[in-house]
Structures are given as structure tokens and as C-alpha cells.
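Residue numbers (the working numbering): 5 to 1125.
C-beta: ideal position from N, C-alpha, C; glycine also.
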């Protein structure tokens, strides 16, 4: 390095330390050429196992010509580049496997005009004179055409793709997307509208895709002055809210459930607090970090801890997990895993090629191998693979490098899938494997419409042929609205227009059978399914979830029958261990099932007994024994042998083999052998083929699920196909098979309990037993019904125990419930699914919203003399009518006894315990009444179960006024004290109130109107003769127009309804909603439901209510805007 190059680092030492003084140092060295270009970089030069040397070579003009990475043993990987004569643009790139990509660059614009990959697949590009991309054309016929149009303040970019699809994006002057228009299934345009925060803090609101004539439905995001999200409100008003206090982030979900996270000064989670449904305390998950911010320990609410150790480069080398035990991992210098040893001391080692692709995997199961690049037109692609159990796959590719065939060889028999493509590169034909001994192969064609959407899946790849599945309608978001199956059965899906959430599925046919299925859904505010009504079979299911969204209640009731045929409750501990399950049925003893964990040294979250059933585990946390079964596993955690029996029946053994991807390929027991290929083909061969048919099942897939199963039957092994029949599968919102139809026959219904166990129509579990027809069941997974388990691909699930047999390898670190690695979808099985067995689908506002709030609903409410009484339905109505999105089910009552100071005693405040609101009670005194209220307010803040009060606050004052203040006392009028008390609770104590606020003493209402945070305003008339006069109405409406989004009026007398309605219609133009509540329902029917529509000044007014035996008459008037 020449002397004039100064200030270039030659060695860096980076040391990170924890607060406990644990330090780690990372070292790198650098060398340069005479021009100051870095030529050699060495990472961890003093750690042979970690050392990686990167050598960079340059051309005469300083462009990089090669980069070589070398480990301490001399193994190297080199990527190189060749340049044009100007040494400016690369013409060829060559990777470490000598795969060459050729690039032609526009010399004036500096953009590529063509690329040719190692398989000679060419892609060309065209631009306008500003260098903007106009066309992309590929060798397979696919293309994009792009046009740019200047609209003044906006820029429009339209992209048309091969097949007819078109997307138009409108961006504003700042380059932000304002509209996104996409060609929908039927050719209409679906538009997503986006508005941005005026201060540049992100998106303010974005709509669901809307077709012409539809009203855009927006999700609104609000921010604080630091750009942090404060709320996300869905189109139906469901809201998730965030508040920030120093390092704390408080979140309130759509049901108002509070959780919060405390961050470290580096922005990492230090601790997470979630509501505990079983107590007034918090569920706390704690996190600890290493010197460079790597996670070193996670402690769950039950104090079980997961600890991690890392090497100096930050890679995890040891995991001590309460479920899976200790796992030791080593790495090569290139960062890939070299070996992994689990708690059973089973070591798996990996080798890699020059591109870092896995070549061999050696484990106690055997040696698995991958061979790359050797297939024709397959450079960079997998050519062959062999699993440790001997199942092989072989891949071939056509001249365009598209997959042409994949052949699985299982126990010496090849099963080949062949793929065909149209002239724009779309898959339009699949040929299924040949049936051993039979002629002909099933072929399935894919048909697309002129807008690029798949419309049909049919028999045969040529014109004509029977249609297995046809999409007949989709909405603007692409959701399937109507499908027709090959036997004529039609399923129609209706979605709620505001949220796009599935409302019902109606299935008719086949033939003249008529309606065979209708399932209607309803949801709670957190998007959990709370109602699933099977209207054809008159079977209504209700679900209830706790504050952690865990299912804690399930009932079945036949439509129109008052008593449920089943009522089940579930109770969990702090980390989701199911502790008890109680089932009640009419005229039957109550069934109580106790679940126990961690017995006899088992992992703390591992189920060890369920009543009389017992379970055992190995050191890696894999369940090795269960009711009437034992299980052996491979190193991937999948069963290789299950020994089982049905109760006292003969012992059976089922053995398994897997293909190179880890998918099940072989299942064999004493009665039947099942070959499974790619999840699309099954061959079921009985052990004794004399007189027993062989079933060859072809799964037909459309819209992400199996929609039909074609069974080609052989009377004998190696014989011709003697019969063919087709089952059609109908699924619910989770993908569970609920109906199967065949030809014009009556359908077969299938039922499951919430956790996936097969049941009859009343919810009674079915006995185990192998099924001959389709085995797709719960959430679309295949059931092993003979021993009661479900193959969820990545893991095996036991629906009766409600648990996986092995720990989940992937977790959401901040959730307390994800610390339980055996639970199924964090105990929310009705709403969530696990398609792979590894990771449940997300849930909650922003990803799986599943409820439209019913804003205008019938209200029944006991509102007797005091407006402070519990009135849950009324609070629901206030919220549904547009009031605060977060509310308590009962008004928060603050009962205070206050005595101003007299001659012998100081002022005193006693806060009465309210179990649902406060943690305990207190009494305090002071000679300064105002200071006393401040102290009381702070006590409230510290002891509230939930520091956000919603749905109203009632502050009731009692005590004597006769005492004479003693000298030095500071005294205030009662009204001042009340106003100050409210201010303390709202402002000084930091408690926010959304909803109605009352202050009450000696029959007189103080502070009769108060709007907090612009959320709502409430006015109440106390005595029977008070009512509301014109002045009060005008004052209230004027106040609300300035401050409130909604005004709620309580009037015990119920007089002057017409006058109130007229005034509301004429004087509340700025108010979104008005709710009138009438205590005695004057002028309303004596009993039953009523609805009286009125129109006043073009304001739609619906008077609704419910009166009946034991319920005081009440009316609710909702004035929607």
C-alpha cells in the first residue's frame, strides 16, 4: 500500500458487552492495492473454524473482475465478471459452478437490453428514451408491456402481461401509489385506493379492491408526532390501538384487551406483558440479549426458559429448550450449517457444493444425496435426489428449462409426472403416473380466461373433456364466489361487503338433489369465528375465546331447539397447556377430562396423561408412546414406525418412508400399502390382493385445495382398470372437507370438533377406523383414521389430545402462547390453520380480519332508575352505532366516600373495591381535599386492571357535608371536587376515558355533558319529571356538534320522542350517530320486537327495541349518517 493512502483501516476489533459484563470481540483485517481498493478481507483470522478470506480482483479501470471466498482449509468459491471494451458494463458473469450468464447493455442508457442464462434462456428488454422499461420478453413467450402517461400531478403506469392481465398504477408527485387498478376475473377493473399521511409518516388509509359501483372500504392508520402507529381501524370500525410511554408500547386489540411491550434502549423487546384470563396479574415473557444484540434467553410466563449460545459471528451454536432439550450446531466458514446434534445425541452432517447447495445429508437414518446441474437444460437446477430411506426423484427439463418430468422411484417402481405449458409459459397440462400394469394415464388440463385467471380444471389436455372444477365468479379481491364441480354441484360463497370476510357457503346439487349445504359464519371483534351455523343440517355451533384468543367454549345446538346438545369448555394455564376439558350433554353425566404435563421427567409443556391415557417422550421431546401406540422417529421428527392397536385389538405396525423433500411416500401395515407421490397420486394396495381391489387415486387440485379425487380401480395387481369413479370434495372456510358428493348421489357430511377430531352430528367422537374413500379432512390434511392421527406434513397431530406429537421448530418469539411448542395454532383452532405443520397462519387485525360488526342491531337492556346500572347491551349499541371502538362490557364504577375536613378530622377518601376494575381498595386522608383527589387519582392509575377506561366511567360521591372545615383546610365545592376528580383521572393520572362520564351526588347530576377525546358525549335525566327541554337539547346538540362524534341521550321518562327525533334530525348535521334510550318505552308495544322507521330531514331514523317478560321496556333510536 502506498504511503499517501492514509486513514484506511487495516484491522478492526469490535467489542460488544452486556450489562452483566459479558463481552465478545469480533476481528477483521483488511489489505488494499495501490489505488486504495480493498483486495483482501479476513474475518476472524485467529479462529480457524470461523476464518473466511475474501479476495477481490480489479481490472485496469477499477471494475471488479472476481471475488473469491476461501475458508481456512483452502476451499474456495469464485464469482467472476467479464466486461465490454470500455470496461464499463459487465458482459458475462460466471459463478463458482461455472454457470455463465451473458448480458447485453445499452451503451447510452446503461440498462440491460438482454440477458441469457446458463441454459440459454433469453430475456430481452426495451425502454423509452428516458430509460424507463417498456417491454420484457422471454423465451417461453411470457411478456410484459408497460406504458407511461403523464397526467400532470400524477403519473400513470400500465402493465399488460401475457394472458391478458393488466395493472395500472397511479402515483403522485412524490412517487407514492394513490391508485392500483387490476383487471378482475370478469374483466372489470378492481381499484385499490391509497391516501398518505400529510406529514409523510406513511399510509393514512388504503381500501380493499373495489369494483365499479362498489363503495371503497378503507383501513385507516393513524400516527403520533414521532411517526409511530397509534391505531389501525378496519373498514367495519374494528380497531387496534397503540400508545407509547417512554420505552413502553401499549396495544389494545379490537376487543379492548390490553398488552404491552417494554423495549431496551436498543429497540429490542425486553419484556412482553399480556392479559392473563385466569388472574389479575400479567403474563410476562422476558428477553435477554448477548453482546451484539443476539437473543440469549427467553423466559416464558411459567418461568421455563429457552437459552441460546452464539459464536463470535453471531450464529447460534447451542440451544437449550424446555421442550426439545439441547441442540448443538456447527457451521462452516461460509455460514452454512455443518452439523446438528439433538438431545438424543443424533448427529446430522451436511456437505455443500461450490454454490452452497446441499449435496449430502448424513444422519442415523442414512445418507441423503442431491445431484445438481447434470440434467439437459438444467444448469442451476436439481437433477436427482435420494432420501435416506431410498426414495429417489429424477428431474428433466425442456429446451426452455421448464420442468418437464419428475419421476419418483419408490420400492423400485417409477411414478412419473409430466408437465406441459402453453405458448406463454403457463402450466396447462399435468399427466399423472402410469398405473402399474394398466394402460393409459390420467391427464388434467388447465384452462385460463382472457384476463389470465384459471377458470377450469378438466379431464384431458386437448379440447373437450369433462370438467372437474370451474370458477364462475370472483370478487374484486380475487376471492372465489362461485365454483361448479364436475357432477354439477355448485358452491356459492358470499362475503361481507365491508370487510370481505366470508359470510356463508351455499352448496346445491348435484343433479336434482337440491341444496345440500349452507354454512353461515359470524365473528367476534378480534376476528375469531364465534358462530358456525349449518343451516341444512340445522346444526348451530358457537365458540368463545378468552383474552388471548384461545378457544375456551364450544357448543352445538340444533336450530330452533333451546337446549344445546353439547356444551364444552376448555381451561388453560399461562402458556397454553390445556388443563381441563368439560363436556355437558342433555341427560348425561358431565364429562371432565384432566390433562397433566411434565410427569416423570417429561418436558414441561409435554402432555403426559389425559385421564387414563398416558404419554411418554424421549430426550428430544418427541412423543414415543401414547394411548395404544408407540412411535419411532427419523432425525426430521417424522415417524418411521408406529406400533398401535384399537383398544384391546390385535397389535398392528405401520412403517413409513419419505421422499427427498421429506414428504410421506410410503405407508405400510399388515392390511394395506399406500404409495403417495407429491400429494397428487395415491396407490392403495391391500396386503392380500385376492378378491380385493387396488385403488389408484388422483387428486385434482384447484384454488389451493383438493376439489376432486379420481379413483381408477384395478381388480388385481397388474391388471387393467375395471372401474373409475370420482369423488368431489366441498370445503368450509378452513379448507376442512365437510361434504363429499359422487355423481348424482346424496352427499356424505363430515363433522369435526374444534380441534379436528372426527365426530358425528352431535359432536360425539367417532371410533377409529381406516377410510376407503377420500382421507382429506380437517383443514384439508389427510387423516390416519385407523390410529386417530392427522398427517400435517411437517409434524403429526393428535386431535383427541389437541396436541402435536413433536415440538414446533418455528415460533413467534414475542407471544407467550408460542412458547408452548406442542399446542395447535396457539389453541385457536376454529380461526387459524397450520398448512405445513410448521407455522400457523397469522391472525388479527391487519392480516386475517374476519368480522363485520353489526352496527344496527336489536337491543335488549335493563335500564332501571339509575343510569349507572349495568347495561351491557346498551354499551354494545353505543359502540356499534359509532362510539368508541374500545369499551368495557359494564360501566367502570368508581365509588368514592369523601368527607371534607371538620374540627376533629382531616378530609378522607375511601375508594371502594371493585373486583373487576381495581386490585384491592384503599383509604387515605389529607387536610387538602384537592391534593387528596390527586393522590386518589394516582392510586387509581396504579391499581387499575386495565389503565384505559372505555364504555363510560361513573364517579359517585357520598359522605357528609355538615362538618365545619378546620383552620388551614383547603375546601372546595362539591362540583369543583367532582370536576377536579375527573380531571385527575383523565389527565394527571394518565387514564383516558372514551365514552360516557357521570358525576353524581345527592340526586343531582354534575358536569352533565363531557366529551373526552372527541369520542362521545352523554347527557342523562335523573328524575322522572326532569326529561329534556328545548334549551337542554339545543345546548347538548351544540356542544356535541363541536366536540363529539356521537351523542347518547338517556331519558327515563321517555317523553317527547317525536320532538327529540325532530331536533336530532334538524340540528345535528355534524354528528355521525345519535342514540336515544328510553327507560319505560312509552308508546311502544307491550312485548316483542319492534321497528318503527321515520324520516326527518332526510336522516334515516330506525327505532328498535325489545320488550318482554322480566325486561323493562326500552327503546333505542339509532340515527345513522
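- Message: Let me check understanding here. Comparing Cα to Cα, which of 216, 197, 234 and 245 lies closest to residue 222?
- Response: Among 216, 197, 234 and 245, the Cα nearest to that of residue 222 is on 197.
- Presumed contact (8 angstroms Cβ cut-off) between residue 61 and residue 69, rounded CB distance: About 5 angstroms; that satisfies the 8 angstroms criterion.
- Task: Note down the Cα distance separating residue 674 from residue 692, rounded to an integer number of angstroms.
- Result: Residue 674 and residue 692 have their C-alpha atoms roughly 9 angstroms apart.
- Query: How many angstroms separate the CA atom of residue 697 from the CA atom of residue 725?
  - Reply: Each residue's alpha carbon lies about 10 angstroms from the other.
- Taking residue 238 as the reference, which of 453, 579, 248 and 226 has the closest Cα? Closest by C-alpha distance to residue 238, out of 453, 579, 248 and 226, is 226.
- Just mark residue 293 as buried or exposed, buried being the case when its beta carbon has 16 or more other beta carbons within 10 Å. The residue in question, residue 293, is buried, as its Cβ has 16 or more Cβ neighbours within 10 Å.
- Would you check if the distance between the CB atom of residue 547 and the CB atom of residue 834 is smaller than 9 angstroms? In this structure, residue 547 places its C-beta atom within 9 angstroms of the C-beta atom of residue 834.
- Which stretch, first to last residue, makes up the beta strand (DSSP E) that contains residue 194? Element bounds for residue 194: 193-200.
- Message: What does the Cβ neighbour count give for residue 153, buried or exposed, with the cut at 16 atoms within 10 Å?
- Response: Classification of residue 153: exposed, given that the 10 Å Cβ count is below 16.
- Tell me where the beta strand (DSSP E) around residue 734 begins and ends. Counted as a single uninterrupted DSSP element, the beta strand (DSSP E) harbouring residue 734 occupies residues 725-735.
- residue 485 versus residue 504: straight-line alpha-carbon distance, rounded: Cα to Cα, the separation comes out at about 11 angstroms.
- Query: Which value, in whole angstroms, describes the spacing of the CA atoms of residue 463 and residue 744?
  - Reply: Cα-Cα distance, rounded: 19 angstroms.
- Classify residue 432 as helix, strand or coil using the three-state DSSP reduction. Annotated three-state conformation of residue 432 is strand, per DSSP.
- Message: Could you compute how far the alpha carbon of residue 287 sits from the alpha carbon of residue 794?
- Response: Rounded to whole angstroms, residue 287 to residue 794 spans 32 angstroms at the Cα level.
- CB of residue 398 within 9 angstroms of CB of residue 376, strictly: Not a contact, by the Cβ cut-off of 9 angstroms.
- Using 8 angstroms as the Cβ pair cut-off and three pairs as the minimum, do the stretch 164-176 and the stretch 444-462 touch? For the pair of segments examined, the stretch 164-176 was found to touch the stretch 444-462: the number of CB pairs separated by less than 8 angstroms reaches three.
- Task: Please find out if some non-hydrogen atom of the ligand FAD comes closer than 8 angstroms to the beta-carbon of residue 557.
- Result: What this structure holds is no ligand at all, so the ligand FAD is not there to describe.
- Identify whether residue 603 lies in helix, strand or coil by the three-state DSSP scheme. In this structure, residue 603 counts as helix in the three-state DSSP scheme.
- Message: In whole angstroms, give me the CA-to-CA distance for residue 95 and residue 110.
- Response: Whole-angstrom Cα-Cα distance: 11 angstroms.
- Query: Is there contact between the stretch 775-795 and the stretch 812-821, where contact requires at least three CB pairs shorter than 8 angstroms?
  - Reply: Counting C-beta pairs closer than 8 angstroms gives fewer than three between the stretch 775-795 and the stretch 812-821, which falls short of the contact rule.
- Keeping to the same chain, check which residues put their C-beta closer than 7 angstroms to that of residue 525; ignore five residues upstream and five downstream. Once the five neighbours on either side are set aside, the close Cβ partners of residue 525 are 506, 507, 508, 533, 535, 536 and 737.
- For the candidate residues 190, 329, 668 and 739, whose alpha-carbon lies nearest to that of residue 705? Comparing Cα positions, the closest option is 739.
- Item | Rounded Cβ spacing between residue 195 and residue 183 (contact assumed at less than 8 angstroms) | With a beta-carbon spacing of about 6 angstroms, residue 195 and residue 183 fall inside the 8 angstroms limit used to define contacts.
- Span of the beta strand (DSSP E), counted from its first residue to its last, around residue 279: Taken as a continuous stretch (DSSP letters only), the beta strand (DSSP E) holding residue 279 covers 273-279.
- By Cβ distance, which residues of its chain are closer than 7 angstroms to residue 786, with the 5 residues on each side in sequence left out? Correct list, in chain order: 779, 780 and 795.
- Per-residue burial, residue 718 [other beta carbons within 10 Å of its own, 16 or more giving buried]: Per the 10 Å Cβ criterion, buried.
- Message: Please identify the residue among 351, 558, 208 and 489 whose C-alpha is closest to the C-alpha of residue 733.
- Response: For residue 733, the closest C-alpha among the options 351, 558, 208 and 489 is that of 489.
- Task: With a cut-off of 8 angstroms on the beta carbons, I'd call residue 760 and residue 799 a contact; round off their distance for me.
- Result: Between residue 799 and residue 760 the Cβ distance is about 13 angstroms, and since that is not below 8 angstroms, they are no contact.
- Task: Apply the 10 Å Cβ neighbour rule to residue 391 and answer buried if 16 or more other Cβ atoms are within range, or exposed otherwise.
- Result: Per the 10 Å Cβ criterion, buried.
- Query: Taking residue 276 as the reference, which of 267, 283, 284 and 282 has the closest Cα?
  - Reply: Selected option, being the one with the closest Cα: 267.
- Check the C-beta distance from residue 306 over to residue 578 and give it rounded, since I have them as a contact under 8 angstroms. Contact check for residue 306 and residue 578: beta-carbon distance about 5 angstroms, within the 8 angstroms limit, so the pair qualifies.
- CB contact flag (residue 516, residue 496, <9 angstroms): Contact: no.
- Message: Buried or exposed, going by whether 16 or more other CB atoms sit within 10 Å of the CB of residue 808?
- Response: Within 10 angstroms of the beta-carbon of residue 808 lie 16 or more other beta-carbons, which makes it buried.
- Message: Does residue 9 pass the burial test, meaning 16 or more other C-beta atoms within 10 Å, or should it be called exposed?
- Response: With fewer than 16 Cβ atoms within 10 Å of its Cβ, residue 9 is classed as exposed.
- What residue ranges within the stretch 34-96 form continuous beta strand (DSSP E) runs of no fewer than 3 residues, ordered along the chain? Here the runs fully enclosed are 42-47, 56-62, 68-75 and 80-87.
- Would residue 838 be called buried (16 or more neighbouring beta carbons within 10 Å of its own) or exposed? It counts as buried.
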